[in-house]
Amino acid sequence: MDGDAQPRTTAKADRLFKAGIVLTRPPIILPEPNRFAKLYYAHRQGQADDMAAPFPVDFYFKKGSIAEKAWMEKEAAAGKTKGGRDLEATIAPITEVGGVTLEPRENNKRNGDVRSLERHLDRTLYLIVKKPRTEHAWAMPQGLVEGEEQLHETAMRELHEECGQDMNVWLVARGPIGHYAYEHTGDSGSSKTQESSVYFLKAHILAGQCRPDGKEVEDFAWVTRDEMSKYVSPQYYKVVKKMLSEQ
């Protein structure tokens, strides 16, 4: 958004056409199941174990051998010989596998760095940039359509102009996924009202990072759908949130 943006009205205004890009970093890991889901899967696994064909202990272990005793103790610890299981223990988080300590799913320090692509690994992140102005500074990368450009050409050009050439980006489609119209004052302090129509295209970042030059864009952030509302204007968020994934 540019200038003193206002919601669209019926007043006549000069119209500008712009293209924006909804650049996402898709989830890297599966979301953490809630407690009910964990108990359900543990119960299903227990049912499958109980209904499975009995293990032929006599075939594999000699009667009274140490190996047979070790096996029976292992089965007893698992609760199979008692006809039940401790489901709470079954769903306890695993912190080590094969002597290797697992990294935590979430890292508070990493999640607090809004410029990091490694935050909130189970959520979709969206790129927003901050332009050097007092109002409506934060928005997704966007810019004016120039000459005979098509929307996808403008969106990619603006992305590289504002965020640098260090990102490998895949444009999902050449057609827009959403549209936002707003009114704002003209450039150079003009009091004349202009209307801008922004058409958003979707893309995924595959590698690299946003590296603004500090002139056209001052700062950037990778945020979730909910976090975006803390940066952008309410009018802007009301429209763009429909294009964003809840996960």
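Position one of the sequence shown corresponds to residue 33 (the numbering used here), numbered consecutively onward.
Backbone N, C-alpha and C fix where the C-beta goes; we use that ideal spot for every residue, glycine too.
This one's a predicted model, so the numbers in the text were calculated from it and none came from an experiment.
By the CB criterion at 8 Å, Y92 and M260 fall outside the cutoff. F87 sits in coil when the DSSP states are folded into three classes, being neither helix nor strand. In this chain, H216 is not harboured by any alpha helix (DSSP H); it is covered by the beta strand (DSSP E) spanning G210 to T217. About 5 Å separates the Cβ atoms of Y231 and H211, confirming a contact at the 8 Å cut-off. The stretch 248-264 makes contact with the stretch 149-168: 3 or more CB pairs, one atom from each, lie closer than 8 Å. Within the same chain, T156 and R257 come within 7 Å of S277 by CB-CB distance, once the 5 residues on both sides are set aside. For the set G131, K273 and T225, the Cα lying nearest the Cα of R47 is the one of T225.
DSSP places E250 outside both helix and strand once states are collapsed to three, so it counts as coil. With a cutoff of 8 Å on beta-carbon distance, P173 and E190 are scored as near each other.
Around F49, the same chain offers V177 and S229 as residues with beta carbons nearer than 6 Å, after the five sequence neighbours per side are excluded. Within the same chain, K162 and P164 come within 6 Å of E250 by CB-CB distance, once the 5 residues on both sides are set aside.
Contact between K273 and V54 is absent: CB atoms are separated by about 11 Å, not below the 8 Å threshold. At the C-beta level, Q241 and P59 stay beyond 8 Å of one another. Distance from the Cα of D154 is smallest, within the candidate group V264, E105, R57 and H168, for R57.
Counting only runs of 3+ residues, the beta strand (DSSP E) found wholly inside the stretch 145-193 occupies 157-162 and 174-176, in chain order. In this chain, R243 is not harboured by any alpha helix (DSSP H), its DSSP state being neither H nor E. Per the C-alpha coordinates, the member of E181, K106, L238 and A169 positioned closest to W202 is L238.
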